[in-house]
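Each remark here refers to the structure printed beneath this line.
In this note's numbering, the protein residues as written are 16 to 368.
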């Protein structure tokens, strides 16, 4: 459909774009490095929702969008669509990554101990500058701390065959960047969609399952912020070589003990969440949704939104949601005038009776 009514508005559009850029000139002196380090969690969120691991471009996108994280993710997603695919890397094992933070709410004593790492969980939310005690952390001193590798806190339950293993009969992971998934949705497609989903959307849907439209009240089995190596097949030697590493957040959430459909034995249900960078809220919410969709016993009534894969797959992508919502700002003169005309005709028909 063409919008003939917007002809002649090109100059107004140019002025609007220039006005927007002028509004953001106050941040011109902020460097990408300052954004990447000072607004790390914002940049990590943009990388995750933009579905492209690029700290530099995420910081640039945050700057260009004036801090609008949905817009920033849109920049990154758009850039991703222009990148050439050169191959695939092997799957990352988040339980074998180098840990900077690892906690478990399910166990007090776990292999490797509770590693608090960087977290705002223990911060008093006061908008004032708190004085430091004058001491410096080992990281600030530049001390070379030994890398920490710890197994999942649920590893011993898995080794004892106490965790339900989901049926995964996919020959290869579904690629949602090339094909739109159709029901019945492969689990890999659902997990990919959530991994690049909007944090607030995932949180909202997960919360519906916790608060009356489902029955997921999970326990965090293993939540970690870590750095994992990235490997790629060398084009000449054919060997696996490390080409870099990425920061990630991974969460294993323990649900309830229930009967395993494979052999009828009672085992623990577990959900999994993953995100680029550091984003604990998103990883936890994703693991809750994985639980709700993978185990029917968590469904309550007919309106459990979190347990409906179709609802989740088509409604958690922030870029798609924002695009459809904001398109209502574009001219809809023709359609609205048609609605008015139908209304007036119906009104005249009613008065003629």
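Glycine included, every Cβ here is placed at the ideal spot set by N, Cα and C.
Pick from the options that is closest to residue i, judged by C-alpha positions
i           : options               : result
residue 224 : 320, 204 and 129      : 320
residue 64  : 85, 222 and 244       : 85
residue 41  : 55, 79 and 67         : 79
residue 55  : 109, 268 and 294      : 294
residue 103 : 278, 258, 327 and 129 : 258
residue 111 : 166, 70 and 58        : 166
residue 325 : 202, 361, 263 and 131 : 202
residue 244 : 252, 256, 361 and 71  : 256
residue 249 : 105, 70, 141 and 200  : 105
residue 280 : 176, 72, 169 and 170  : 176
residue 59  : 322, 277 and 289      : 289
residue 228 : 276, 200, 323 and 239 : 323
residue 190 : 83, 66, 131 and 140   : 66
residue 192 : 28, 93 and 343        : 93
Whole-Å CB distance - residue i paired with residue j, under 8 Å assumed
i           : j           : result
residue 265 : residue 300 : Going by Cβ atoms, the distance from residue 265 to residue 300 rounds to 13 Å, so no, they are not a contact pair.
residue 52  : residue 81  : The Cβ separation is near 19 Å, so there is no contact.
residue 5   : residue 113 : Residue coverage of the chain in this structure runs from 16 to 368, which leaves residue 5 outside it and unanswerable.
residue 62  : residue 91  : 7 Å
residue 127 : residue 117 : 7 Å
residue 47  : residue 74  : 4 Å
residue 328 : residue 205 : 6 Å
residue 216 : residue 336 : 7 Å
residue 246 : residue 263 : Between residue 263 and residue 246 the Cβ distance is about 15 Å, and since that is not below 8 Å, they are no contact.
residue 267 : residue 131 : So it is not a contact: roughly 18 Å between Cβ atoms.
Residues that residue i bridges to, as DSSP identifies them
i           : result
residue 260 : 244
residue 287 : 267
residue 234 : 269
residue 352 : Per DSSP, none; premise fails for residue 352.
residue 274 : 281
residue 33  : BP columns for residue 33 are empty, so no partner.
residue 255 : 248
residue 113 : 242
residue 118 : 238
residue 178 : 283
residue 130 : 117
Buried/exposed call for residue i, threshold 16 Cβ in 10 Å
i           : result
residue 207 : buried
residue 16  : With a pLDDT of only 41 at residue 16, under 50, the local geometry of the prediction cannot be trusted, and no value is derived from it.
residue 87  : buried
residue 196 : buried
residue 108 : exposed
residue 18  : Unreliable positioning characterises residue 18 in this predicted model, as indicated by a pLDDT of 47, which lies under 50. The coordinate reading is nonetheless provided below. It is exposed - the Cβ of residue 18 has fewer than 16 other Cβ atoms within 10 Å.
residue 304 : buried
residue 31  : exposed
residue 26  : exposed
residue 68  : buried
residue 355 : exposed
residue 362 : exposed
C-beta neighbour in chain C for residue i, strict 8 Å
i          : result
residue 87 : The structure shown contains no chain C; it holds only a single protein chain.
For the region 34-46 and the region 264-278, state whether three or more C-beta atom pairs, one from each stretch, are separated by less than 8 Å. no
With contact counted as at least three CB pairs below 8 Å, one residue from each stretch, are the region 285-299 and the region 218-237 in contact? yes
Can you find at least 3 beta carbon pairs, one from the region 180-197 and one from the region 124-141, that sit closer than 8 Å? no
Is the region 303-312 touching the region 276-287, taking contact as three or more C-beta pairs under 8 Å? yes
For the structure I just gave you, are there three or more beta carbon pairs, one from the region 203-220 and one from the region 330-343, closer than 8 Å? yes
With three or more C-beta pairs closer than 8 Å as the rule, is the region 114-122 touching the region 94-101? no
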